[in-house]
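The block underneath contains the structure these notes are about, expressed in structure tokens.
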Amino acid sequence: MGAILIRPLLARDPDREIESVIKITDHDPRRAWIQMDEYVPTETVRRHLLDVLEVLLETRRGAAERVCIWVSGFFGSGKSHFLKVLGYLLEDRELIDPDERRHSSQEFLAHKLGEEFTNLLPHLRGGFKTKVLYINLLDRDPQDPNRPTISRLVYRHLLESQGLSTEFWVARWEQDLRERGKWDEFRKWVQGTYGRAWEKQRELHPEAVLGRALPVLLSELYADDAQAERAIADSKVRFERVEPAQVVEALVEEARRNSEAAGRVVVLLDEVGLYIGDDVDRLTDLNRFAELVVERGQNRILLIATAQEAITDLVPRLTRDQQMLSWLRDRFRLQPQLLPTEVEHVIGQRLLQKTLEGERRVRELFRQNEGALRENLALRTGWIEDQFVQQYPCPPYAVEVVQDVLGAMRGSVEEMRRLSGSERSMLKLVHAILRGEGGVTRGADQPLGWIVGMDLFFDAVKADLAAVRSDQVRALEDIERAGQGGSELSPGRVAKALFLLQQVGDRYPCTPSNLASALTDHVRSDARQRTEQVAGVLQELKLRGWVAETEGGRFRLLTPAEHSLEEEVHRNLPYPSEVKQAATRLLRDMLRDFRYEHGQIRRRLPVTVEIDGDAPTERVPLHVCLFTPLSEIRPEDVRERSIRAPKAIYWVAAASRELGGTLERALALKKSLDQWGHRPSFEGSEGYREHLERECREAFDRRLPDQMRQAFLQGRVFVAGVEASASGASINEVLQHHLRDLARELYTEFIDRLPRRDEDCEEILRWRAGGSLPDIYRELGLVTADQQIVRDAQPLSLVRAELQRQRECLGDALVQAFEAPPFGWDPRLVRLLVATLFKMGMVRIRFQGRQITDAADPGARTVFLRDREFRGAVFELLPEVDWRRASEFVSRVFGVPAPDTFEATAEAVRRQADDWKQRAELVKVRTRDNRLPDAFVRACEEAVRVLTNLAQRADPNERLRYFLECAEALEGRMALVRNLEQFPFEEYRRVREFAQAASGWAGGLQGEATRRWQHLTGGLQAVDLPGRWPDLRNEFAALVGRYREDYTARHREFMTAVEEAVQVLRQHEAFQHSPQQAEEALGGLVARLCTGSGEPGEEYVCPECGRRYEGLVPTLVAAEWDRVERALDALLPSPPRREDIEPLHIDRTIAGEQDVDAVALELRRYLRRARRNVRLTLEARPE
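For reference, each letter of the sequence shown is one residue, going 2 to 1184 in this note's numbering.
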């Protein structure tokens, strides 16, 4: 008994002819019968049809809000069929069945659709006279340069339905002839004149025909051809444009022509969305047209449009104008949507409906193999037995998935138009598979159990896909011709399924398991085996550059342009040795910042990391040997190596083919991208080239590190031949764990403490006994609870021992010595300990050409504050201090008995320094305030500084060492301080004030007086001033008496001259003419008068006038006398031009130069009075 085939299980002959695409403009009654007969109305479709009929009925009540209807549903959903059924339901047309019987379309459809429609039939027939305009917009080229608007297209179809020309100006003449009753006569004239019907002749020369006919038929209006030609030319201009308002008016008129009350015009626009395309103007025209249908259509017009997109999807694609979307939604209030599930039902009824026996056998097949079926057909879950039976031999979800795929390929409006205009619909695709069209496997003749794979849908639609994906179709043909490959599953089948499925990859990820489900071709297929086969084929296609693997194990079929790039990448695949080297570099980069952190302070200790035998030149005690998955070393050999080197960690990664493959491709990608450089991308490769760049970055940035990490975490660790755990979250974490134990063995003297700040290291330099220090000093045991330095603390002893070993040691060498085992100390800790030794006086610093032993020296703070300066400084351990010599200096410097022990000497220095620094500070202040020589002030300041340092040094050893360094200099300064303590500062100030006040007087001294003055002034600034003070006091006593006598005499003489001048000047004539002004002129001289005795006071000047000795010069009076006299002369009235003036006679004895000045003054006054030249006769003879 042969196998049961699928064909006899089907209720209808699968080889019968089925209309591939319904054209609403095809009204052949026989084809229309088949279309109406095979139409499968679902409940949803019935509801949509009833909604439209309800709108029609509403127009009788004056309701016009819903007269515009938008029917949406993407490619293959049956929009055109729905629209044609609706038209044949609204307007009665003749149908002829195969037996040549004639039927009313309205009656046939009403009975087919059910009782609700038969109840409405009387209303459709008797209540309305409906005319339907069927307009298939796919018949119009949307790229037509004339770009007719939708309203113009509607108008042309209206004219065509009226038997008129579709040229607007010609149709207007035809209408005019009809209105004038000349239409029949005109048609007969054309037939008689041209021998052809007007309908034929108007297609060629309508202008010439009308130009000749009008003067004949309408001679009263057009007397000759010229008038007719002008009228025709004018009409061509006037009727060139047709506005939407004119079209609506014409449609209303047509409805009235059919019936004043019952006349209706229904405009059916199929695929309006594709016709609008990307043209916003067409959308605007449709909106205006719909608006006028609602507002001016007088309830006589219904506008029904279909589109693959809903209004809410179409409008945002064209414009951001939200107002336009709002308008269209308001115009098209009824928006039926045809869903993919409706298509499944239609296909199940028209093509895949089973006989009773067929349904029984399919159910039995399902129940016997349900487990395998659900495992195989897992592209979508949740389907039930009835769906399987209805859709068999297709998978229960195949129709919806393929619809999604074809919908996703409508990338652009042009692609949507090409697919929609093709000869394929979902119904036809399934029909083609059943019939085996175009070389497709003949599905109807396959045995029961066979299932339609996704690749067969590709074969069925391939011819149409060539219109929008021609390059991809050719690529798939190349893959198919390449051969079977190494798997039972052909690469061609996998590639076809992958191509279709990746169109909707967001819903159905292109994984091997999903592709295996899509390629299931029998109910008993082994899902696991099929998945493995698919995975193998995908890898083969990947190696051939036809498939790319993306995130999460998903795959994608490449375009030919992308394939070309992959071929270049394949040519750049690296050699195995290059891959191994790259693996080493990868791991080295991953560990570039790795540092082992030891202890609670997380002290970073350097680690030598050797990778696949490649180790850095500089080795450090902590040693790690890593072996990548590409090293090819056996774990047993690694164990042997760890036995020979027990102080190292050995870690071998697990094998990883994935890592090798990823690294190989990443290297090839990098090399290819470098070669391409700035080379322009060829057409179709731009996006994929960017994808390859992202893939390369992703591989090096994330995938390769992740794979390397997983390989090591699955590997094996050996320490001294013993295998240890490799578990952890990261390579760093595992290394930290194993290095911790190794570091404890190597760094036995490790101190798990660390100064928090650099400033903590030099804080000890400013510290005084009893003061506070950062906690680190107490934690290290360097100070006692009462804040005293512990001289024999263990850390200090270790540092002192290292300094003792090297004697003079560079800071950098100290840091390196204590970074190495067994210490592992942080450089900051080393600085702190050395600073403590320095504070104790045990260390001397040589830095930038200077030797530093004083903790208060700013250079010391610089050394211990910054790591670089510390490393560049040299440190020397100082010998024990000579306390006996220090004891001698205590006696000499401070004048106290010499102590007899180390401790007593250190204490005596501290006590004396603390006492004398205050006394020296007081002496310094008195010396500065009394303006003793600056050298004395500087000496006191230096003494204070040294004494303060001595007092602050808590460590006795450090204190005595510092004391010995500065004792000799301090001895001399202390002697000066003691002398200055006894110095008579008040007496010194009086002498210094005398020297300043009498400096003018001293210029006239002679002989012994001059010597005394020079001895006095020079001694006041002498460095041995205290010792010379008794002599200076004697000199002062001798000079000050004589000064007082001379000052008093000079003061008396000066005042006499002033009084004489005032007395003479008051006799001036100006006091008679301008007394007030004359008094003001004399005021300066009067101000010089002094009523005192002239005896100098404490400040060595007259207490009344305060004039210094050098300011009491009589010649100053003569000069002032002359100035005042000139001012007084200026106050005199002008004398006559030739005034008789008595001659001036002067006869007197000249005793001194001042008498000469007086004579000259009188002569000047006489000259000013004369106001002309005078003759002078001068005679002088000695007495």
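Glycine included, every Cβ here is placed at the ideal spot set by N, Cα and C. Small disclaimer: the values here were computed from a predicted structure and weren't measured.
Which residue wins for smallest C-alpha separation from residue i, given the options the options?
{"i": "VAL816", "options": "GLU942, VAL831, ASP279", "result": "VAL831"}
{"i": "MET987", "options": "LEU1006, ASP930, ALA262", "result": "Note that residue 987 corresponds to Glu in the displayed sequence, not to Met. For the residues LEU1006, ASP930, ALA262, the minimum Cα distance to GLU987 belongs to ASP930."}
{"i": "ALA517", "options": "HIS28, ALA498, GLN503, VAL505", "result": "ALA498"}
{"i": "LEU159", "options": "GLU820, GLN247, ALA667, ALA818", "result": "GLN247"}
{"i": "ASN950", "options": "LYS840, PHE458, GLU1046, GLY115", "result": "LYS840"}
{"i": "GLN369", "options": "LEU340, GLU261, ARG525", "result": "ARG525"}
{"i": "PRO149", "options": "GLU168, LEU134, LEU948", "result": "GLU168"}
{"i": "ASP901", "options": "ARG680, THR119, ASP883, HIS104", "result": "ASP883"}
{"i": "LEU165", "options": "GLN202, LEU747, ALA700, VAL1157", "result": "GLN202"}
{"i": "TRP68", "options": "SER78, LEU54, GLY74, SER81", "result": "Note on identity: in this sequence residue 68 is Val, with Trp being the wrong assignment. Out of SER78, LEU54, GLY74, SER81, LEU54 has the C-alpha closest to the C-alpha of VAL68."}
Give me the DSSP bridge partner(s) of residue i.
{"i": "PRO1221", "result": "Nothing can be reported for residue 1221: it is not among the residues displayed for the chain, which extend from 2 to 1184."}
{"i": "THR131", "result": "ARG265"}
{"i": "ALA308", "result": "SER73"}
{"i": "ILE650", "result": "VAL625, VAL720"}
{"i": "LEU303", "result": "VAL267"}
{"i": "ILE846", "result": "ILE853, PHE876"}
{"i": "ILE612", "result": "ASP615, LEU627"}
{"i": "LYS355", "result": "LEU11"}
{"i": "ALA549", "result": "ARG557"}
{"i": "GLU809", "result": "GLU877"}
{"i": "GLN715", "result": "Answer is none; GLN715 lacks a bridge partner."}
{"i": "GLN338", "result": "SER73"}
{"i": "HIS599", "result": "ARG604"}
{"i": "ARG784", "result": "According to the sequence displayed, residue 784 carries Val and not Arg. According to DSSP, VAL784 bridges with ILE790."}
{"i": "ALA907", "result": "Paired residue(s): none; ALA907 is not in a bridge."}
How far does the alpha helix (DSSP H) with residue i in it extend, from its first residue to its last?
{"i": "TYR689", "result": "687-699"}
{"i": "TYR89", "result": "80-91"}
{"i": "HIS28", "result": "First-last for HIS28: undefined, no H or E at that position."}
{"i": "CYS395", "result": "That residue, CYS395, is in no alpha helix (DSSP H); it is neither H nor E in DSSP."}
{"i": "GLN540", "result": "528-544"}
{"i": "MET591", "result": "577-591"}
In this structure, does DSSP put residue i in helix, strand or coil?
{"i": "GLY1107", "result": "coil"}
{"i": "ASN733", "result": "helix"}
{"i": "LEU430", "result": "helix"}
{"i": "VAL414", "result": "Confidence at VAL414 is low in this model, with a pLDDT of 43, below 50, so its placement is unreliable and no value can be given for it."}
{"i": "ASN137", "result": "strand"}
{"i": "ARG867", "result": "coil"}
{"i": "THR1116", "result": "helix"}
{"i": "TYR748", "result": "coil"}
{"i": "ILE348", "result": "helix"}
{"i": "HIS523", "result": "strand"}
{"i": "ALA899", "result": "coil"}
{"i": "ALA1181", "result": "coil"}
{"i": "ALA821", "result": "coil"}
{"i": "ALA725", "result": "strand"}
{"i": "GLN1022", "result": "coil"}
{"i": "ARG1166", "result": "helix"}
{"i": "THR194", "result": "helix"}
Under the assumption that residue i contacts residue j (Cβ atoms under 8 Å), give the Cβ distance between them as a whole number of angstroms.
{"i": "LEU623", "j": "LEU740", "result": "6 Å"}
{"i": "ALA306", "j": "VAL72", "result": "7 Å"}
{"i": "ASP587", "j": "VAL610", "result": "Rather than Asp, the amino acid found at residue 587 in this sequence is Leu. Contact doesn't hold; Cβ gap of about 13 Å is too wide."}
{"i": "LEU971", "j": "ALA856", "result": "About 17 Å; that fails the 8 Å criterion."}
{"i": "ASP594", "j": "LEU520", "result": "With 8 Å as the limit, ASP594 and LEU520 do not qualify as a contact, their Cβ atoms being about 48 Å apart."}
{"i": "GLY1095", "j": "CYS1103", "result": "6 Å"}
When you compare the CB of residue i with every CB in chain B, is at least one pair closer than 7 Å?
{"i": "PHE389", "result": "Here chain B cannot be found, since the structure has a single protein chain."}
What first and last residue would you give for the beta strand (DSSP E) that runs through residue i?
{"i": "GLU95", "result": "95-97"}
{"i": "ARG103", "result": "103-105"}
{"i": "ARG605", "result": "604-606"}
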